[in-house]
Amino acid sequence: MQTVKMVISGAVNAGKTEFIKTISEIEVVSTERRATDDTKLIKKETTVAMDFGRIAVGDDLVLHLFGTPGQKRFDFMWEILSEGMLGLVILVDSTRPETFRETNRIIDFFMSYRETPYVVAANKQDRPNAWSPDELRLALRLPTHIKVLPCTANDRESVKLVLLELLDVIMQRSED
Amino acid sequence: MPLVGNIRDFGLSDFLYLVDRGYKTGCLHLSRADEMASLYFDKGKLITAIRKDDVAIVTDLLVRKGKLTPIQAAQATQAQRNDSGASVSQILVNLNLIGRDELQRVLQQHIEESVYLLFGWSEGEFRFEQGQRPELTAPILLTPVPVEHLIMEGVRRIDEWGRIKDRIPSTDMVVKFIEQPTERAKGINLAAEEWRVFARINGKDTLAEIAHKTNMSDFDVCRIVYGFLTAGLVDVLRKPAPVPMLATGRPLAEAPRIKKSLVTRIINRIRGM
Ligand SMILES: Nc1nc2c(ncn2[C@@H]2O[C@H](COP(=O)(O)OP(=O)(O)OP(=O)(O)O)[C@@H](O)[C@H]2O)c(=O)[nH]1
Ligand SMILES: [Mg+2]
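As you go down the protein sequences, you meet chains A and B in turn. Each residue of the first sequence is one higher than the last, beginning at 827 in the working numbering. Each residue of the second sequence is one higher than the last, beginning at 1014 in the working numbering.
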């Protein structure tokens, strides 16, 4: 049995748990806790260790989805989660510009190890005050070759599209 | 839908960059406590800026500055009422009440000063209304100002490491030009010190090396490069690490190479979900 791994990351409250829940075939193994530090100002429950979702591709192949914890004090987990990943989705809460700098730090973190294929998902596009993918690209100053996709994490078609776009980037780097 | 936020989190210079690169037309409203300002853009360039409690009518402004008599002002205002489309600025020039260059110089100076004051705000709510245009009586520039120029000047007024560190976390980072910087640099008046740094950018030297070669302090070089960065002229990159290491001290495995056939299988699986 071969397993491949994708990582879903982003700032606190970006929608990582929601994203994985929407597409996973198994009940998502989340380690949600009541928020402690500054996160509790934003929400009641936050992911403290990670989320884990799974999609069986066949008898011999399975895709694992890992969501990174949002709170800063769990940063050490990222490194462990990112080992051997095939690709990365960076989720952004498009309605909260106060998280854009943190998002850049997260991208920097992952890219400082190696050039991992990644896409940026402009999440919560269903909310009225969401910044558009084009605006997010400029706000985060993403290079033109990085895809910025509209996303609504609780909509399965939308999540599928983000993953397919990421797979397309991975495909370009794969070997025959 | 308007773009909303606080300049504490998404700075004015970042917003100007977005307006410029996004080729945006509309109005950026800024407010804090009892202060308010509105910056109007046309296709990414600044056309006017109005602060609350400041003169919002171009003829009033020019009379106050001694560039127009009250009678001339009334004449222009009257003419504008009969001409629905044109701005008072345009009418003033059409009627030869003021020279085009003179008008541009006076208004540009006034508008730029208003914007520079805003760079001093460490926080304040912003709201960008797409497509919103100024009143035709406002001090509208006949030649819009490119925002890179404003960004550079605004950044010159920043003297806290905090903001700079956010974008330039270390002096070990390499500075390189973005596509065609000379084209963009045309709109910007660089100070002598800034030229010294600009001339040293080669895509290889780190900020620390540039500081050493120019005999300038790390802070000054970082501040200047921060300006270039914010104006979209350069990029700063981490020097590639020789061997990537995990914090645990183990070297990181190479990115896994994956077979196309495998990726195709995953794609098909997700498509079918
Ligand atoms: N309207 C809307 N709400 C969303 C969307 N995605 C997530 N949410 C909501 O945003 C909140 C945060 O979502 P989570 O999935 O918990 O975010 P997270 O990134 O896992 O958060 P942490 O684990 O705390 O970092 C929840 O209330 C979600 O229901 C979306 O696309 N649209
Ligand atoms: Mg979560």
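Beta carbons: idealized from backbone N, C-alpha and C, even for Gly.
I'd like the span of the beta strand (DSSP E) that includes residue i, first residue to last.
{"i": "Pro954/A", "result": "Where Pro954/A is concerned, there is no enclosing beta strand (DSSP E), given that its DSSP letter is neither H nor E."}
{"i": "Tyr1239/B", "result": "Tyr1239/B -> not in any beta strand (DSSP E); alpha helix (DSSP H) instead, spanning 1231-1243."}
{"i": "Phe892/A", "result": "887-893"}
{"i": "His971/A", "result": "Here His971/A belongs to no beta strand (DSSP E), and DSSP marks it neither H nor E."}
{"i": "Thr978/A", "result": "Unbroken run through Thr978/A: none, as it is neither H nor E."}
{"i": "Arg1064/B", "result": "1058-1064"}
{"i": "Tyr1053/B", "result": "1048-1055"}
{"i": "Glu1138/B", "result": "1138-1143"}
{"i": "Ser1044/B", "result": "1039-1045"}
{"i": "Phe1190/B", "result": "1187-1190"}
{"i": "Leu907/A", "result": "Not the beta strand (DSSP E): Leu907/A falls in the alpha helix (DSSP H), residues 902-908."}
{"i": "Val1017/B", "result": "1016-1019"}
{"i": "Val1249/B", "result": "1247-1250"}
Using a Cβ-Cβ cut-off of 7 angstroms (strictly less than) and excluding sequence neighbours within five positions of residue i, which residues of its own chain qualify?
{"i": "Gln951/A", "result": "Ser920, Pro976, Cys977, Thr978"}
{"i": "Leu968/A", "result": "Val946, Val974"}
{"i": "Met911/A", "result": "Lys831, Met832, Val833, Thr942"}
{"i": "Phe935/A", "result": "Trp904"}
{"i": "Ser1135/B", "result": "Arg1021"}
Take residue i and list the residues in its own chain whose beta-carbon comes closer than 8 angstroms to its own, dropping the five residues that flank it on each side.
{"i": "Arg1213/B", "result": "Ile1223, Lys1226, Thr1227"}
{"i": "Pro1083/B", "result": "Val1076"}
{"i": "Val1247/B", "result": "Val1188, Lys1189, Phe1190, Ile1191, Pro1194, Ile1214, Val1238, Phe1241"}
{"i": "Lys1037/B", "result": "Leu1031, Phe1054, Lys1056, Gly1057, Phe1141, Gln1143"}
{"i": "Lys986/A", "result": "Ile849"}
{"i": "Arg1180/B", "result": "Tyr1239, Leu1242, Thr1243, Val1249"}
{"i": "Thr1219/B", "result": "Thr1184, Asp1185, Met1186, Val1187, Val1188, Lys1252"}
{"i": "Ser908/A", "result": "Val833, Leu914, Phe936, Tyr939, Thr942"}
Mark residue i as exposed unless 16 or more other C-beta atoms lie within 10 angstroms of its C-beta, in which case mark it buried.
{"i": "His971/A", "result": "exposed"}
{"i": "Asn1215/B", "result": "exposed"}
{"i": "Met832/A", "result": "buried"}
{"i": "Ala993/B", "result": "Not covered by the structure: residue 993/B. The range shown for chain B is 1014 to 1286."}
{"i": "Met1014/B", "result": "exposed"}
{"i": "Met876/A", "result": "buried"}
{"i": "Lys1080/B", "result": "buried"}
{"i": "Arg963/A", "result": "buried"}
{"i": "Trp1174/B", "result": "exposed"}
{"i": "Val838/A", "result": "buried"}
{"i": "Glu961/A", "result": "buried"}
{"i": "Ile906/A", "result": "exposed"}
{"i": "Arg1118/B", "result": "exposed"}
{"i": "Arg1236/B", "result": "buried"}
{"i": "Arg982/A", "result": "exposed"}
{"i": "Arg1276/B", "result": "Strictly speaking, residue 1276/B in this sequence is Val, with Arg absent from that position. Buried."}
{"i": "Thr1150/B", "result": "buried"}
{"i": "Ser1274/B", "result": "exposed"}
{"i": "Phe902/A", "result": "exposed"}
{"i": "Asn949/A", "result": "buried"}
Rounded C-beta distance between residue i and residue j? I'm assuming under 8 angstroms.
{"i": "Gly1167/B", "j": "Ser1051/B", "result": "Wrong, their Cβ atoms sit about 17 angstroms apart, outside the cutoff."}
{"i": "Lys842/A", "j": "Ile834/A", "result": "5 angstroms"}
{"i": "Val1160/B", "j": "Val1032/B", "result": "6 angstroms"}
{"i": "Gly1240/B", "j": "Arg1169/B", "result": "7 angstroms"}
{"i": "Arg1146/B", "j": "Tyr1053/B", "result": "7 angstroms"}
{"i": "Gln1088/B", "j": "Leu1108/B", "result": "7 angstroms"}
{"i": "Arg1278/B", "j": "Leu887/A", "result": "6 angstroms"}
Please work out which residues of its chain come closer than 6 angstroms, Cβ to Cβ, to residue i, disregarding the five sequence neighbours upstream and downstream, and give them in chain order.
{"i": "Arg1209/B", "result": "Thr1227"}
{"i": "Ala947/A", "result": "Val915, Leu917, Leu975, Cys977, Val988"}
{"i": "Leu1120/B", "result": "Pro1152, Leu1154"}
{"i": "Val995/A", "result": "Pro943"}
{"i": "His1042/B", "result": "Ser1051, Arg1140"}
{"i": "Val1071/B", "result": "Val1101, Ser1102, Pro1152"}
{"i": "Thr925/A", "result": "Ala837, Asp919"}
Tell me which residue opens and which closes the alpha helix (DSSP H) that residue i is part of.
{"i": "Ala1221/B", "result": "1220-1227"}
{"i": "Met832/A", "result": "Not the alpha helix (DSSP H): Met832/A falls in the beta strand (DSSP E), residues 828-836."}
{"i": "Ile1280/B", "result": "1273-1284"}
{"i": "Val1068/B", "result": "Run containing Val1068/B: none; DSSP gives neither H nor E here."}
{"i": "Gln1088/B", "result": "1083-1095"}
{"i": "Val1106/B", "result": "1101-1107"}
{"i": "Asp919/A", "result": "From DSSP, Asp919/A is part of no alpha helix (DSSP H) but of the beta strand (DSSP E) over 913-919."}
{"i": "Val1210/B", "result": "1205-1213"}
{"i": "Lys847/A", "result": "842-849"}
{"i": "Glu1115/B", "result": "1113-1132"}
{"i": "Gly1167/B", "result": "1160-1169"}
{"i": "Asn930/A", "result": "926-939"}
{"i": "Lys1178/B", "result": "1174-1180"}
{"i": "Asp1033/B", "result": "1025-1034"}
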